[in-house]
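So that you can map any letter, position 23 of the sequence shown is 25 in my numbering, and since no number is skipped, the others follow by simple counting.
No residue lacks a Cβ here, since even glycine has one placed at the ideal position from N, Cα and C.
Just so you know, these numbers come straight off a predicted model, no measurement behind them.
What follows is a short report on a single structure.
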Amino acid sequence: MKTNFLKITALVAFVAFSSCKDKAEEAETKAAEEAAVAKSTAVTFKADTDRSTIVWKGFKPTGSHEGTISIKEGNIAVNDKTVESGKFTIDMSTIVVTDIPESEEGNAKLQGHLSGPDFFDVKGFPTAEFEVTGLENKEGKTMLSGNLTMKGETNNISFPVKTSFDEDMMTLKSETFTIDRSKWNIKYGSKSFFDDLGDKFINDDIELTVNLVAKKA
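This is the structure in structure tokens:
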């Protein structure tokens, strides 16, 4: 009996370790900071909303779900191919689930749940916002920092990005990173708020990958 218990414990620990290992690194998160101000010589690029997107992925003990959210509008100021400031509006009503076929009932059910008051409360908070506060090189990576406002809460996050330029177009793509949803008051199924969930909890970590395409204004 003791041997079986040890085997089960080891298996659970291995699964938990594997799950953590597979997730992207959490973005550095701290209190909101003052927005960056670009120099007068900066060139403004306007977000191409048809080609820009944010990919999300959420986790629970039995698996994960993923999808996309669209950028509604935004501008980014660049000087000598370096981002100096920027502000973007995220349209929370565009939350889409991509890992469940649209024809299946579960797709609309999950999308509705995510849009509802349990999660992002799209009716009460139709948009989220990201405003650049700085850019720095750290340990060989370019780290973009900005204030992320969601559900009325604002925190500053930093995550790795790469930028590229092609004539009058620019692309800013992040590495996949995670944010802790509890810091934006998204409580449903969170062990940060409830201690009686058993195995019915949903991880606080949400993976995000930002792909921004912008054209010189």
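How is residue 139 classed by DSSP in three states: helix, strand or coil? Assignment of residue 139 by DSSP, reduced to helix, strand and coil, places it in the strand class.
Buried or exposed for residue 39, please, with buried defined as at least 16 other CB atoms from any protein chain shown within 10 angstroms of its CB. Residue 39 comes out exposed.
Integer-rounded CB distance, given that residue 30 should sit under 8 Å from residue 90: Separation of the CB atoms of residue 90 and residue 30 is rounded to 19 Å, and the pair is thereby denied contact status at 8 Å.
Would you kindly check if the distance between the Cβ of residue 121 and the Cβ of residue 77 is under 9 Å? For residue 77 and residue 121, no; Cβs fall outside 9 Å.
Less than 9 Å separating the beta-carbons of residue 213 and residue 174? Against a cut-off of 9 Å, the Cβ pair of residue 174 and residue 213 comes out as a contact.
Ignore the nearest five residues each way along the sequence and tell me which others in residue 164's own chain have a CB closer than 6 Å to its CB. Closer than 6 Å at Cβ, skipping near neighbours: 175.
Mind listing, in chain order, the continuous beta strand (DSSP E) runs of no fewer than 3 residues lying wholly within the segment 28 to 73? Qualifying beta strand (DSSP E) stretches, in chain order: 30 to 32, 45 to 49, 55 to 62.
Grab me the residues of residue 54's own chain with a C-beta within less than 6 Å of its C-beta, minus the 5 sequence neighbours each way, in chain order. Answer for residue 54: 73, 214, 215, listed in chain order.
With 16 other Cβ atoms within 10 Å as the buried cut-off, status of residue 158: So residue 158 ends up on the buried side.
Ignore the nearest five residues each way along the sequence and tell me which others in residue 34's own chain have a CB closer than 7 Å to its CB. In chain order, 149, 156, 157, 158 place their CB closer than 7 Å to the CB of residue 34, counting only its own chain and leaving out the 5 sequence neighbours on each side.
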